[in-house]
RNA sequence: GCGCCCGUAGCUCAGUGGAUAGAGCGCCCGCCUCCGGAGCGGGAGGCCGCAGGUUCGAAUCCUGCCGGGCGCGCCA
């Protein structure tokens, strides 16, 4: 019974462990983990299942572990070389040469679909991100949201979900009016109004718009032209950053299509709307919010919240099953009311997810750059890219959990550009490319022959077993990719990929040190070249998820 | 005052119940007749904020406290 090229050998191994645990008739085995022991001498993989089962079986965990070990000996057969019980009841598995050979073959058979997931139930996910007001350039803070949101979108796609990237354009309302007034003031040669936009770009924009015949008297027109000009700039910046949207959803469209009225009508119909003090309110306290919220102000204008309800209702009507909406930390107080609004519409609020983006401080010369858009005193994403490049910018911004505020030290990012972590990973990729070129597997004219080579190497019978510890360590690392992608996608945690990429690069460098590839004995060379091909694809895939390039040469 | 987030090595941060807590940077010591030294190996450096609790086992879960960030508008 050969099951060659199992698409995910680790998943298969985990399934065997779970099946064996279930066979012991205890409850609670479902939470069992399959992980790597802290020391390689302890085994290739380890499970804690016995300790979880012990209470239900009313038996000492060591004893349960021994029974589990016996069951696994039967089910794993020749895949396992040895199975131990250790410590309080860990079951440690040492896998055989055969298993390693099959695992290598499976990596190569996966081709460029490496890491691709197939969830039990693929979801339609709408990732709305950046959504910065079109009243100024993209700031670094918004850039972090862009890097994060785009990586989450890429992750969800690779994990097998259907993803739409959307930018919500606040091209209506108070801020746009202020923006228009600021432009008009500059056209007259005046200072912008109190609370207006003081940035130099406003003056430049005023000049451009005047040259194109815009009038300083028509604020609606100025607002429209001004926000459209900024939108184009924003789009260009994000494009440069490697971020592209499937759709730009205009707030103005909500008004034009009477979607706000429709949303409020539905809320009223469902009995959650009331009027007092001349305003129209939504009773969000009924759904866990700590105070009720205004939908229509006493002056008759809908609030931002009302527009946002209409927008999210529209997302639901477009059949989005999950609404992933990274928000700046200063908006986190907004989440309970949005959840309440969705609940009031009869929508499960858990479909709405708002990961909170904590601050990123740009530090230069030991000082924090200020980033107030209205005061025009900020670092733009374009400036950051000019400074440290797209790859470093995306790598650094995704490196840390979205939930953690961190300092991005420009001096460090610049001066470290030789020893930058991003180059560490990219260097591994370039080195791999070089080895494959040397071996003739990369082909002189490009990577075309690499795939053909991989296919021929995917026949496990031609491969030597990975015998060296460094080979096995690298192989096991590569096998983790599907699980890493799944976990990172589920947790909306692309920063895990950085850690994985670094670990993969480190394992590769150790392998490179210990294992001669080109010129090794025939089966060994084939196996090692196969490992190189798979490693190169793994690194490229992982970096690709972060939007970082994988150079063939550096 | 209330709510959310954070507190882990000198610095920036990983680690959402497992074995002796990790990475990068910085510091110290080694390694290029050999597939790329943008690399590798070794070392120093930790009351995982504090105090209780839960359990076979806690950086991880619960409670309280201390410290920091961000919110608490008929602004967006």
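Numbering (the working numbering), first residue to last: 3 to 556.
Ideal Cβ placement from N, Cα and C applies to all residues, glycine included.
Proximity winner among the options, relative to residue i (alpha-carbon distances)
i           : options               : result
residue 409 : 117, 360 and 323      : 360
residue 42  : 473, 538, 504 and 494 : 473
residue 234 : 524, 411, 139 and 348 : 139
residue 245 : 16, 145 and 261       : 145
residue 269 : 177, 218 and 342      : 342
residue 385 : 261, 189 and 242      : 242
residue 512 : 117, 320 and 430      : 430
residue 250 : 262, 231, 154 and 133 : 133
residue 515 : 523, 471 and 549      : 471
residue 273 : 284, 484 and 435      : 284
residue 390 : 362, 404, 403 and 424 : 424
residue 81  : 502, 56, 33 and 14    : 14
residue 178 : 56, 520, 354 and 223  : 223
residue 442 : 489, 535 and 467      : 535
residue 189 : 206, 331, 176 and 112 : 206
residue 226 : 181, 191, 236 and 403 : 181
residue 523 : 469, 537, 320 and 502 : 469
residue 176 : 162, 214, 221 and 215 : 221
residue 355 : 326, 282, 88 and 209  : 326
residue 257 : 537, 171 and 421      : 171
residue 11  : 232, 439 and 110      : 110
residue 318 : 353, 192, 291 and 305 : 353
residue 580 : 440, 501 and 537      : It is not possible to answer for residue 580, since the shown part of the chain is limited to 3 through 556.
residue 349 : 216, 387, 86 and 322  : 322
residue 236 : 303, 142 and 60       : 142
residue 320 : 57, 162, 166 and 101  : 166
Close-in-space but distant-in-sequence residues of the same chain around residue i (CB under 8 Å, 5 per side omitted)
i           : result
residue 406 : 360
residue 184 : 194, 195, 198, 199, 200 and 204
residue 18  : 74, 77 and 78
residue 265 : 308, 311, 312, 315 and 347
residue 465 : 103, 106, 107, 459, 525, 528, 529 and 532
residue 1   : Since the first residue shown for the chain is 3 and the last is 556, residue 1 is missing from the structure and cannot be characterised.
residue 160 : 117, 118, 119, 487, 491, 543 and 547
residue 253 : 170, 171, 172, 173, 174, 175, 309 and 313
residue 299 : 281 and 305
Beta-bridge pairing of residue i - partner residues as DSSP gives them
i           : result
residue 128 : 166 and 325
residue 94  : 48 and 86
residue 355 : 326
residue 171 : 252
residue 141 : 382
Contact set for residue i: own chain, Cβ-Cβ below 6 Å, skip 5 residues either direction
i           : result
residue 365 : 409 and 411
residue 328 : 131, 147, 150, 151, 357 and 359
residue 91  : 52, 53, 63, 64 and 67
residue 551 : 393
residue 450 : Residue confidence for residue 450 is low, a pLDDT of 44 falling below 50, so the modelled location carries little weight; the figure read from the coordinates is stated next. Nothing listed; no residue qualifies.
residue 433 : none
residue 399 : 146 and 149
residue 539 : 116
residue 332 : none
residue 475 : 509
residue 554 : 435
Whole-Å CB distance - residue i paired with residue j, under 8 Å assumed
i           : j           : result
residue 427 : residue 504 : 6 Å
residue 173 : residue 121 : That belief does not hold up - the Cβ atoms of residue 173 and residue 121 are roughly 36 Å apart, past 8 Å.
residue 499 : residue 482 : Their Cβ separation, rounded to whole angstroms, is 11 Å, which puts residue 499 and residue 482 out of contact at 8 Å.
residue 44  : residue 16  : So it is not a contact: roughly 18 Å between Cβ atoms.
residue 496 : residue 261 : About 32 Å; that fails the 8 Å criterion.
residue 402 : residue 339 : Not a contact, Cβ separation roughly 28 Å.
residue 278 : residue 383 : No, residue 278 and residue 383 are not in contact; Cβ-Cβ is about 43 Å, not under 8 Å.
residue 153 : residue 549 : 7 Å
residue 155 : residue 129 : 5 Å
7 Å CB neighbourhood of residue i in its chain, flanking five on each side removed
i           : result
residue 479 : 505, 506 and 509
residue 70  : 22, 23, 26, 51, 52 and 93
residue 334 : 358
residue 446 : At residue 446 the pLDDT is 39, less than 50, meaning the model places this residue with poor confidence and gives no usable figure here.
residue 293 : 287
residue 39  : 45, 48 and 94
residue 232 : 136, 137 and 138
residue 88  : 44 and 94
residue 291 : 338, 339 and 342
Heavy atom of the ligand PLP within 6 Å of residue i beta-carbon
i           : result
residue 175 : Among the components modelled here there is no ligand, and therefore nothing to report on the ligand PLP.
Kindly provide the ranges of any beta strand (DSSP E) runs that are 3 or more residues long and lie completely inside the stretch 35-92, ordered along the chain. 47-49 and 82-88
What ranges does the alpha helix (DSSP H) occupy inside the stretch 405-446, keeping only unbroken runs of at least 4 residues that lie completely in it? 412-417 and 423-441
Uninterrupted beta strand (DSSP E) stretches inside the stretch 263-344 (no shorter than 3 residues): 275-278, 281-284, 295-298 and 324-326
In chain order, which beta strand (DSSP E) runs of at least 3 residues are fully inside the stretch 213-264? 249-252
Taking the runs of the alpha helix (DSSP H) that are 4 residues or longer, which of them lie wholly in the stretch 457-515? 471-481 and 483-492
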